[in-house]
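No gaps in the numbering here: position 357 of the sequence shown is 360 in our numbering, and each next residue is one more.
Cβ coordinates follow ideal geometry from the N, Cα and C atoms, glycine included.
Predicted, not measured: the structure shown is a model, and the values here were computed from it.
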Amino acid sequence: MRRALAALLVAAAAATAGPAEEAEALIGAGKIEEAAALLETWTAETPDAGGLTTLLECRGKLRQWDAMADVLVRLRAVPVEFETDARVSRRVLEALGLCNWYATPLERVAMFGRLAKDHPGSPWRFGWLCVVMTNQVRLKDIPAAEAVEKELAAAPMDMAMRYRMGRAYVEAGWKPEQARGLLAEAVTAREAATPPEDALEREMYVTETSVWRAYLACAAYDAGVRREGNPFWEAEPEVPGFTDVTEAAGLAGSDGQRVAVGDLDGDGWDDLSFAGAVWINRSGTFVKRVEGAPPRGAGSLWGDADNDGDVDLWVFTKDHGVRLFLNAKGELTEAEGTGLTGALEAGPEGAGLGDANGDGVLDVYLAVYEGGDMGGGRRDRLFLSTGKGTWADALEAAGMQEESAAPRCGRGVNWGDFDNDGDADIFVSNYRLEPNYLWRNDGRGAFSNAGKVLGVEGVGTVSGDRTWYGHTIGSCWADLDNDLDLDLVSANLAHPRFIAFSNRTQILMNQGAAAGWTFTDIFPWSGVPFEETHSDVSACDWDADGDLDLSFTSVYRERPSWLLQNDGAAHFRPVTWRAGVVQFNGWGHAWLDHDNDGDMDLVVCAGNRPRLFRNDLPPGRGWLQVRLKGRRGNATGIGARVTVRLGGLQQMREVAGGRGTTSQDTARAHFGFGGRTGTAAVVVRWPGGREQRLADVAINRVLDVEEPE
């Protein structure tokens, strides 16, 4: 019936309309090649911006990149309309997006070269191509570098692209002379411009920390700093590196946007779940669980639901709510009658496990995000355990009433005791320029929103008839300055080029009891580079020097992930490229010791394809991993706090039941000590407040701590 109706529509359009309408009808009927042929004939006789744009879209859908470049050149020749018609410009960018998603790097380079050859000076007007090419340069792609250098020679006044290209060389540790020259030209032009040249100002505005790196790079080159491979960084400490072992570890066939770490079979080797798909760790190599595997969902978490001493798997779905799979000696069976199932209005973006009311059983908070109507938030859920193997939605009963007329667009969930009072509080990150929630627990399971009072809801800007905040996606609690309280990192997607009041990522430092547990944002001087599409954030001492470092993923193709080292005072420096963990279009990620060698490895879900990076930390850095065994509550001690002291260094970790947009790091509390030696003092504060102290603990091992009866 649908095909017959489509045929009738095509016939009717051909009988009554011109070429543009006829082509649209053909496209609607799925006849892309016929539409492209018609448009080629028509636009050859009558150059029309609308017709050429539709033809561009057809070539993109057909994956005909060279032909797409031809159309772009012809479209550039159409006067005035292409520059002024916002609708046409938007469609051009959407068509280029097809190339962004589907063309290979070599095809992109070829397309760029074709445009440069046939229409010199024009490729820079297609900003997407600039991003593509400079990202290829960061990966030391020689054809890409040659193509860009050729075009730069033909466009001597394009300072914005000189800045971008020079920055790419610096981050790749490549071609110091070219980098120095390009950056010097760009920085000098910016200083001299009155007013600053728009494109250059825009390019530098969104990457201010990179401007300072540009100055330093130029100064380093002038001072004669040299080192083979990394000429700009000789004065900086060595950076430990990672190796991509995805294939060697058996994960080449994995897929998923979110990852959760947990030991399903209790053999001491952390296993993985990618949104429900289970991969079992066999001494560092993963094998996919096929028999009895749970269905896929939006995300998944590991947590002991029935307090029987092993981890169960919680899978989060739109159509069936929360599906709980109970663990019996490594075999998973779906539990029935839990009260967790039932269709949700939208797919849950964020989920987290914790004990809201102190009854010793895990509860679950869901950030349900939005429906098909963009910006139409959906009501969150707080499922509290009844203690009988069932859960009930208690959001309003717990005091979590929405403060706006409509629900907010929740994307992330983080449980953590930020005020050191022994109960679990919940931070919920909200999207669509809405304020975040910090649900503060009164110790009896009643919550109030302290986000505004304590300074973590975001920075509000009044414009029009409302107050705007940020697009917060992921977030995490972490003690970044080793003062034994939880700080908060809030990862924001922000476009200051287009929306000046959109919040950027925030590094929110906990000011402690004396300041009423308020938070101060130090992002502007934290050393964390601005990135438009920060998505998921985690904290881990991957270099084992005694402080928590940060990792960010960034959504969208051509947007890089970030790995940053902490200097011990919550000041960070980016080392992504040098450490060898760069990935584009990342979403969920997690830290674990997949090979049980004592250092932390990294799993990144990038472009729906997880990658595993093995940490090749050099010897000589002390470490300790604390693995908890709950007896009164959940098996892995979710909600417990571990404090370790050694040689004047104090550190604290909380065991989390998920993070941000439903990713989950290992349940082992990992500590690094750098070159310090000796024995450690360990304090475990179990959920419920009971403390357990261990003295003279040997390091460089996994310490198993069992909760007292």
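Alpha carbon of residue i to alpha carbon of residue j, nearest angstrom
i: A38; j: G21; result: 13 Å
i: H537; j: T508; result: 7 Å
i: G33; j: R167; result: 40 Å
i: L2; j: H474; result: Because residue 2 is not part of the residues shown, which for the chain are 4 to 712, the question remains open.
i: A701; j: N417; result: 32 Å
i: V264; j: A409; result: 34 Å
i: A494; j: G477; result: 5 Å
i: A278; j: F319; result: 8 Å
i: N618; j: G601; result: 10 Å
i: R183; j: R66; result: 38 Å
i: V629; j: N703; result: 11 Å
i: G176; j: K143; result: 9 Å
i: G333; j: L267; result: 6 Å
i: E348; j: L369; result: 12 Å
i: N233; j: Y172; result: At N233 the pLDDT is 40, less than 50, meaning the model places this residue with poor confidence and gives no usable figure here.
i: D225; j: R165; result: In this prediction, D225 scores a pLDDT of 46, lower than 50, which makes its location untrustworthy; no coordinate-derived value is stated.
i: F450; j: A359; result: 9 Å
i: S529; j: R562; result: 21 Å
i: P499; j: F533; result: 11 Å
i: R612; j: A518; result: 44 Å
i: E231; j: V371; result: Since pLDDT at E231 reaches only 37, below the 50 mark, its modelled position is unreliable, and the value read off the structure follows with that caveat. One C-alpha to the other measures close to 50 Å.
i: A156; j: K178; result: 16 Å
i: R614; j: L652; result: 33 Å
i: P3; j: P243; result: This structure does not reach residue 3, given that the chain is present from 4 up to 712, and the question cannot be answered.
i: Q695; j: M603; result: 26 Å
i: A698; j: D707; result: 14 Å
i: W68; j: A23; result: 22 Å
i: G31; j: D322; result: 30 Å
Sheet register partners of residue i (DSSP bridge)
i: S466; result: R469
i: R576; result: Q568
i: Y440; result: V431
i: M512; result: T523
i: K291; result: W282
i: E48; result: DSSP output for E48 lists no bridge partner at all.
i: D707; result: R630
i: S276; result: A263, V281
i: Y372; result: Beta-bridge pairing links Y372 to no other residue.
i: A593; result: V606
i: P563; result: F587
i: L541; result: In the sequence under discussion, the amino acid at residue 541 is Ser, which differs from the Leu named in the question. DSSP lists S554 as partners of S541.
i: S303; result: V318
i: N618; result: F245
i: R326; result: V318
i: G717; result: Nothing can be reported for residue 717, as the shown portion of the chain is limited to 4 through 712.
i: G613; result: According to the sequence displayed, residue 613 carries Pro and not Gly. DSSP lists C608 as partners of P613.
i: G353; result: A370
i: E337; result: F328
When the options are compared against residue i, the one with the closest alpha-carbon
i: R77; options: W394, A52, S541; result: A52
i: R634; options: G691, W394, R183; result: G691
i: A189; options: P159, A40, I145; result: P159
i: R435; options: G413, L75, W317; result: G413
i: G300; options: V325, N513, L483; result: V325
i: V792; options: A354, G361, G379, E373; result: In this structure the chain extends from 4 to 712, so residue 792 is not present and cannot be described.
i: A511; options: F504, P499, D484, S505; result: In the sequence as displayed, the identity of residue 511 is Leu instead of Ala. Closest option to L511, Cα to Cα, is D484.
i: A338; options: G392, G363, F289, G463; result: G392
i: W471; options: Q568, S505, G515; result: S505
i: A251; options: R285, V242, G678, P243; result: R285
i: V687; options: M603, R576, R671; result: R671
i: R576; options: E60, D598, L489, F555; result: F555
i: F421; options: G269, V492, R261; result: V492
i: G681; options: S666, T664, L343, R648; result: R648
i: L356; options: N423, G350, S388; result: S388
i: G589; options: M603, W565, A150; result: W565
i: G2; options: T49, L631, G678, S666; result: Since the displayed the chain opens at 4 and closes at 712, residue 2 lies outside it and no answer follows.
i: S541; options: C479, E535, D488; result: C479
i: N513; options: V531, T288, T664, D482; result: D482
Proximity test, Cβ basis, 8 Å: residue i and chain B
i: L254; result: Given the protein chain composition of this structure (a single chain), no chain B is represented.
Inside the region 622–700 only - beta strand (DSSP E) runs reaching at least 3 residues
List check, beta strand (DSSP E) in window: 625–632, 644–649, 652–657, 672–677, 683–688, 694–700.
Three or more C-beta pairs under 8 Å: does that hold for the region 655–671 against the region 627–645?
Cβ pair count under 8 Å is three or more, so yes.
Any contact between the region 467–477 and the region 444–453? By contact I mean 3 or more CB pairs, one from each, below 8 Å.
As far as the Cβ criterion goes, the region 467–477 does not touch the region 444–453, which means the pair count is below three.
Segments of 3+ residues assigned as beta strand (DSSP E) that fall wholly inside the region 390–436
For the region 390–436, whole beta strand (DSSP E) runs of length 3 or above, ordered along the chain, are 394–396, 413–419, 428–433.
Below 8 Å, how does it come out for the region 606–615 and the region 584–598: are there three or more Cβ pairs, yes or no?
With the rule of 3 Cβ pairs closer than 8 Å, the region 606–615 counts as touching the region 584–598.
Looking at C-beta atoms only, is the number of pairs between the region 455–462 and the region 433–443 that lie closer than 8 Å three or more?
Touching, per the Cβ criterion.
Contact the region 306–324 vs the region 247–259: 3+ CB pairs below 8 Å
Of all C-beta pairs linking the region 306–324 to the region 247–259, fewer than three are shorter than 8 Å, placing the two stretches out of contact.
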